[in-house]
Amino acid sequence: MQTENNMIIELDKVSKYYQNQGKNTRNVLNEISLSIKAGDSISIIGPSGSGKSTLLNILGTLDLPSSGIVKIRDKEIQQFNEKQLAEIRNQNIGFIFQMHHLLPQLSLIENVLVPTIPFIDKSSKKDLHSRAMNLLEKVGLADKIQQRPGQLSGGECQRVAVVRALINNPELILADEPTGSLDEDSAANLGELLSQINKEQNVAMVIVTHSLDLAKKMDKIYKLDHGKLNLMSND
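Quick note, the sequence shown lines up with residues 0 to 234 if you use numbering that gives the first Met the number 0.
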């Protein structure tokens with residue numbers, strides 16, 4: 000996914016609007032431009048309903064803009080078919096949500112390896128298992144790999160979700176309120192983990208959050224309000 004100029008995804012005057020019942024149009028995003036390069040760390044804050052998740056979904060190719068241009072690998076998104084976009088989402092983008100969405104019937108290690116299933120073969124199985132173990136050790140969960148989500152705390156489950164997002168070695172992590180369901184200490188620990196991953200692995204990161212503490216761990220803070228995205232001071 001990475002190009003010579005390290006550009007991963009670029010939005011150019013992207014707008015998103017919805018047609019309400021009748022003829023009223025609700026503008027959610029209004030001509031937003033944003034460039035994400037390798038190693039960038041960006042947080043997006045704003046009031047509820049301001050379109051933060053919509054913007055994240057467009058960045059993750061889960062939704063399309065009403066107007067404007069989205070480029071991946073310097074190619075407009077319309078040049079990719081759905082199968083290619085699905086491969087990009089699986090191999091190049093890691094998603095983290097407010098709820099961990101771990102499968103309750105699977106062990107911790109099995110949950111981490113779920114995104115690798117479409118591509119796994121005998122030659123790569125051992126390498127992927129080794130990568131999973133290394134990542135789980137990094138987040139302090141290597142001793143719990145056979146436990147199921149119901150046996151873990153909320154903070155531990157969210158750390159597993161982070162590892163799952165990293166298992167295919169993505170260039171971009173998109174996180175939607177990743178600490179929203181956690182207590183204060185678990186939220187702080189997860190924020191430190193995300194910041195550490197960004198710096199150590201050069202993974203670009205875009206985090207949507209209501210938490211200013213988490214937002215300030217990223218290099219750039221944007222505020223989304225009334226459809227406009229504005230860069231804030233990170234003091």
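Glycine is no exception: its CB is placed at the ideal position from the N, C-alpha and C atoms.
Fair warning: this is a prediction, and the values are worked out from it, not measured in the lab.
Around the CB of GLN104, fewer than 16 other CB atoms lie within 10 Å, so the residue is classed as exposed. By the criterion of a C-beta distance shorter than 6 Å, SER194 is surrounded in its chain by LYS216, once the five residues flanking it on both sides are discounted. Residue pairing for PHE94: DSSP places it in a beta bridge opposite LEU173. Cβ atoms of GLY93 and LEU165 come within 8 Å of each other, at about 6 Å. Nearest in C-alpha terms to SER34, of all of LYS15, LEU181, GLN20, ASP73, is ASP73. The Cβ-Cβ distance between MET204 and SER40 falls below 7 Å.
One Cα belongs to LEU28, the other to THR208, and the distance between them is close to 17 Å. Residues of the same chain with a CB within less than 8 Å of the CB of SER42, apart from the 5 flanking positions on each side, are VAL205, ILE206, VAL207, THR208, LEU213, ALA214, LYS215, LYS216, MET217, LYS219, ILE220, TYR221 in chain order.
Following the DSSP letters along the chain, one finds GLN200 inside the alpha helix (DSSP H) bounded by residues 183 to 200. Sequence-distant partners of ARG25 (beyond 5 residues in either direction) whose C-beta falls short of 7 Å from its own C-beta, in its chain, are TYR16, TYR17, ASN19. The alpha carbon of LEU58 has as its nearest neighbour, out of ASN80, GLN157, GLU9, the alpha carbon of GLU9.
The beta carbon of VAL113 is closer than 8 Å to those of LEU102, LEU105, ARG163 in its chain, skipping five residues each way along the sequence. In chain order, VAL69 place their CB closer than 6 Å to the CB of ILE76, counting only its own chain and leaving out the 5 sequence neighbours on each side. In this structure, ASN229 sits away from ALA37, with a CB-CB distance that is not shorter than 7 Å. By the C-beta density criterion, LYS12 is exposed, having fewer than 16 other C-beta atoms within 10 angstroms.
Annotated as distal: LYS143 and LEU181, with beta-carbon spacing of 7 Å or more.
Residue burial annotation: GLU81 is exposed, with fewer than 16 other C-beta atoms found within 10 angstroms of its C-beta. The alpha-carbon of SER32 is positioned some 14 Å away from that of MET6. Bounds of any alpha helix (DSSP H) do not take in LYS215, whose DSSP letter is neither H nor E. Bridge pairing for GLN18: THR24 [DSSP]. Taking 8 Å as the upper bound for CB-CB distance, ASP175 and SER52 are in contact here, some 6 Å apart.
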